[in-house]
Every structure is written in C-alpha cells, then in structure tokens.
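Each remark here refers to the structure printed beneath this line.
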Amino acid sequence: MKRRTLLATAALGLGLAFGCAAMAQDKTKACFVYVGPIGDGGWTYQHHQGAL
Numbered sequence: 336m337k338r339r340t341l342l343a344t345a346a347l348g349l350g351l352a353f354g355c356a357a358m359a360q361d362k363t364k365a366c367f368v369y370v371g372p373i374g375d376g377g378w379t380y381q382h383h384q385g386a387l
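Numbering-wise, the working numbering puts 337 at position 2 of the sequence shown, and it's gapless, one number per residue.
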C-alpha cells in the first residue's frame, strides 16, 4: 500500500511540474493547406471559416 501511495504521489508531482511548464509556453500556432481557392464557397471556404 505504501508503494502504491508513493508512486501515485510521484506521478502527481511530475504531472504538476510538467503541466505548469507547458502553460508557460507561447500560444500554439497552426498551419492549414487548402486544396482550392478560399472564395469558391465549398469545402475550402468552410475549412477557412473554421480556422478563423
């Protein structure tokens, strides 16, 4: 039982340590590759609207 508690505490501590470091980073950037012109009114247009 002590071993399980120790492992759970260690896992929680590592999760908190790395979780706080991840929050300190810059915003995530994304890239979209379009298969056609944005103004065609089809799938590419809707994809672009979702990216905004």
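All C-beta atoms in this analysis are idealised placements derived from N, C-alpha and C, irrespective of residue type, glycine included.
Keep in mind that this is a model prediction, so the values were computed, not measured.
Inter-residue spacing [alpha-carbon to alpha-carbon] between residue i and residue j
i	j	result
residue 377	residue 366	19 Å
residue 371	residue 379	6 Å
residue 385	residue 339	45 Å
residue 341	residue 374	58 Å
residue 350	residue 383	35 Å
residue 347	residue 353	10 Å
residue 387	residue 343	41 Å
residue 336	residue 368	52 Å
Host alpha helix (DSSP H) of residue i (start-end)
i	result
residue 376	Premise fails: residue 376 is in no alpha helix (DSSP H) and is neither H nor E.
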